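According to the UniProt record's numbering, the sequence shown is numbered sequentially starting from 1. Below is one structure, written out as structure tokens; comments come after it.
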Amino acid sequence: MTWKIIKLSLKSIFNNKMRSFLTMLGIIIGVMAVVILVSITKGAASGITDSISDMGSQLITASVTDSETTVSAEDVEALTSNPAIESAAPVITSSETVKKGSNTGNYSIVGITPDYFTVRDIDIQRGRQIADSDIEWNTSVCILGTEAATDLFGTWDAVNGTVIIGDSIYKVIGVLEEQGSSLAGSDDSKIFIPYSTAGRITGQKGVSSFYVKSSGEGTVNSAVNSIEAFLLQATRDEEAYTVSSQSDVLDTMDDVTDTMSLLLAGIAAISLLVGGIGIMNIMLVSVTERTREIGIRKAVGAKRKHIMLQFLCEACILSALGGLIGLVLSVCAVGYYGFAAGSPVGIDWTAGFAAIGFCILIGVVFGSYPAAKASRLQPIDALHLGV
1 MTWKIIKLSL
11 KSIFNNKMRS
21 FLTMLGIIIG
31 VMAVVILVSI
41 TKGAASGITD
51 SISDMGSQLI
61 TASVTDSETT
71 VSAEDVEALT
81 SNPAIESAAP
91 VITSSETVKK
101 GSNTGNYSIV
111 GITPDYFTVR
121 DIDIQRGRQI
131 ADSDIEWNTS
141 VCILGTEAAT
151 DLFGTWDAVN
161 GTVIIGDSIY
171 KVIGVLEEQG
181 SSLAGSDDSK
191 IFIPYSTAGR
201 ITGQKGVSSF
211 YVKSSGEGTV
221 NSAVNSIEAF
231 LLQATRDEEA
241 YTVSSQSDVL
251 DTMDDVTDTM
261 SLLLAGIAAI
271 SLLVGGIGIM
281 NIMLVSVTER
291 TREIGIRKAV
301 GAKRKHIMLQ
311 FLCEACILSA
321 LGGLIGLVLS
331 VCAVGYYGFA
341 AGSPVGIDWT
351 AGFAAIGFCI
361 LIGVVFGSYP
371 AAKASRLQPI
381 DALHLGV
């Protein structure tokens, strides 16, 4: 009996192809909206998360926000005595005018120690890194990011060249590997000089920010606690510093992504509700058109539950079929978006199957009233109305 009712429902749907398609259109658009928006949001969030992960899950950033309070570079480097901390790198950042022949620009100048390359997981593609002797002797040497090297020299092959930073001449001893853009910014456009030399240029006596690398992924929290204790002792004020790890950023990103996905899915789900109203409207019209058919079926012995089940089945099939079509079109649309954007975007199948399930629920909810109305018709009344 159930299979017969399904066949009757499919026959009724395909006998009115255009009307059935227009009825499903609201569901199709709703499913596409849900799946495409959630998939693109997840894809974008995944890209950002990968960018953060590439920076290293063991990386910790600390800053002293109180301008009147600083800590010494020696105290920062002494943090490595803690088993949870592998290395620490104080930095001094300033902005200076840099010249090379006729090329002039304003660049971010970063004073670093040799540990900076270990902490930030940065490599040199040409030349050498800044050494301890450069720190000790306040040497006028620098390392260029690839973008800075290209702007000033017209090529990445800038080793042994010279640039003028401020009023002093600096020898280029190295060029960084290209990093590209990331959430935390890129070092490609920066110029790195010895920490002690940067202190001499800026007149800065202490450290206002530094990077720390924990000894392992499992010791990040312990390292953060140690850094916070160190800064609290140095500043005597919990509001005078900030400490953040990549794990904190990733957790925040996950929360934001989940919230955005739910918000977008909720907005898009409104289209599914509108589609459900369209299904109920068409099913009510169908009941009116098929009163004679209902009367004949009841006259030959069809029970009320059979009539109700047939119309409810039609509503569910329309809704589910529209959902499947919408899911297929979503796969095509997301694939085309990934191709056009130059970065593959995967379908969020969880959202897709949830949308299909919601479509079936909509079919049941919005098809119940027309089905109940059809089942309540009396045979004699149905035959009379259908004449």
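From the three backbone atoms N, C-alpha and C, an ideal C-beta is built for every residue, glycine too. Please read all numbers here as calculations on a predicted model, not as lab measurements.
Would you mind stating whether G111 and I193 have Cβ atoms separated by less than 7 Å? As a position in the sequence shown, residue 111 is number 111, starting the count at 1. As a position in the sequence shown, residue 193 is number 193, starting the count at 1. Contact flag set, yes.
V224 versus I169: straight-line alpha-carbon distance, rounded: By one-based count along the sequence shown, residue 224 stands at place 224. By one-based count along the sequence shown, residue 169 stands at place 169. Distance between the alpha carbons of V224 and I169: 39 Å.
Where does K171 land, buried or exposed, given buried means 16+ other C-beta within 10 angstroms? In the sequence shown, counting from the first residue as 1, residue 171 sits at position 171. It counts as exposed.
Give the C-beta separation of G363 and L327 to the nearest angstrom, bearing in mind that I take them to be a contact with Cβ-Cβ under 8 Å. One-based indexing of the sequence shown puts residue 363 at position 363. One-based indexing of the sequence shown puts residue 327 at position 327. Actually they do not touch by this definition, with Cβ atoms about 15 Å apart.
Can you find the residues in the same chain that come closer than 7 Å, C-beta to C-beta, to R19, ignoring five residues on each side of it along the sequence? For the purposes of this step, residue 19 is taken as the residue at position 19 of the sequence shown. Correct list, in chain order: I282.
Starting from the C-beta of T118, find all residues in its chain whose C-beta is less than 6 Å away, skip the five residues before and the five after it, and write them out in chain order. In the sequence shown, the residue the question calls residue 118 occupies position 118. Excluding sequence neighbours, T118 sits near S87.
Looking only at its chain, what residues have a beta carbon closer than 6 Å to the beta carbon of G275, apart from the 5 residues adjacent to it on each side? Translated into the one-based positions of the sequence shown, residue 275 becomes position 275. Contacts found: G26, I27 and G30.
Does DSSP classify T69 as helix, strand or coil? Here residue 69 refers to the residue found at position 69 when the sequence shown is read from its first residue. Three-state result, T69: coil.
Would you tell me roughly how many angstroms separate the C-alpha atoms of K303 and N15, rounded to the nearest one? Mapped onto the sequence shown, residue 303 falls at position 303. Mapped onto the sequence shown, residue 15 falls at position 15. Cα-Cα distance, rounded: 24 Å.
What did DSSP end up calling S214 once you bin it into helix, strand or coil? Here residue 214 refers to the residue found at position 214 of the sequence shown. Three-state DSSP puts S214 in a strand.
Determine whether the beta carbon atoms of V98 and I165 lie at a separation below 7 Å. Taking the sequence shown and counting its residues from 1, the one referred to as residue 98 is at position 98. Taking the sequence shown and counting its residues from 1, the one referred to as residue 165 is at position 165. In this structure, I165 lies closer than 7 Å to V98 by Cβ.
Just list the residues that DSSP pairs Y170 with in beta bridges. Locating residue 170 in the sequence shown gives position 170, counting from the first residue. Paired residues: V163.
Have a look at A354 and T257 and give me their C-alpha separation to the nearest angstrom. Taking the first residue of the sequence shown as 1, we reach residue 354 at position 354. Taking the first residue of the sequence shown as 1, we reach residue 257 at position 257. Roughly 18 Å separates the two Cα atoms.
If contacts are defined as beta-carbon pairs under 8 Å, then I242 and S102 qualify, I think. What distance do you get, rounded to the angstrom? To locate residue 242, count along the sequence shown from 1; it is residue 242. To locate residue 102, count along the sequence shown from 1; it is residue 102. Just to set this straight, residue 242 is Thr in the shown sequence, not Ile. A Cβ-Cβ separation of about 41 Å leaves T242 out of contact with S102 under the 8 Å criterion.
Are there 16 or more other CB atoms within 10 angstroms of the CB of Q58, so buried, or fewer, so exposed? For this step, residue 58 is matched to residue 58 along the sequence shown. Buried, since its Cβ has 16 or more Cβ neighbours within 10 Å.
Proximity below 7 Å, CB of A315 to CB of G266: Residue mapping note: residue 315 aligns to position 315 of the sequence shown, counting from 1. Residue mapping note: residue 266 aligns to position 266 of the sequence shown, counting from 1. No, these two residues do not count as a Cβ contact at 7 Å.
Measure the alpha-carbon distance for residue 389 versus S189 and round it to whole angstroms. Because residue 389 is not part of the residues shown, which for the chain are 1 to 387, the question remains open.
Could you check the C-alpha separation between L22 and E147 for me, to the nearest Å? Within the sequence shown, numbered from 1, the residue matching residue 22 stands at position 22. Within the sequence shown, numbered from 1, the residue matching residue 147 stands at position 147. For L22 and E147, the distance between alpha carbons rounds to 55 Å.
Q125 (DSSP reduced to helix, strand or coil): Position 125 of the sequence shown, counted from the first residue, corresponds to residue 125. Reduced to three states, the DSSP call for Q125 is strand.
State yes or no: is the C-beta of D115 within less than 7 Å of the C-beta of A89? Indexing the sequence shown from 1 puts residue 115 at position 115. Indexing the sequence shown from 1 puts residue 89 at position 89. Yes.
Please give the ranges of any alpha helix (DSSP H) in the region 186–241, keeping only runs that are unbroken, at least 4 residues long and fully inside the region. 195–202 and 220–235
Would you mind working out which of A198, I347 and V34 sits nearest S108, comparing C-alpha positions? Counting from one through the sequence shown, the residue named residue 108 turns up at place 108. Answer by Cα proximity: A198.
Residues bridged to K100 (per DSSP): By 1-based counting over the sequence shown, the position of residue 100 is 100. Bridge partners of K100: N103.
With C-beta atoms as the reference, is M32 less than 7 Å away from L232? Taking the sequence shown and counting its residues from 1, the one referred to as residue 32 is at position 32. Taking the sequence shown and counting its residues from 1, the one referred to as residue 232 is at position 232. Cβ atoms of M32 and L232: not closer than 7 Å.
Quick one: using the 10 Å Cβ neighbour count with 16 as the cut-off for buried, is residue 391 buried or exposed? No answer is possible for residue 391: it lies beyond the span of the chain, which begins at 1 and ends at 387.
What residue range is occupied by the uninterrupted alpha helix (DSSP H) comprising V345? On the sequence shown, position 345 is the one that residue 345 refers to. Per DSSP, V345 belongs to no alpha helix (DSSP H) and is neither H nor E.
With C-beta atoms as the reference, is T235 less than 7 Å away from T69? As a first step, residue 235 is located in the sequence shown; it is residue number 235 there, counting from the start. As a first step, residue 69 is located in the sequence shown; it is residue number 69 there, counting from the start. A contact, by the Cβ cut-off of 7 Å.
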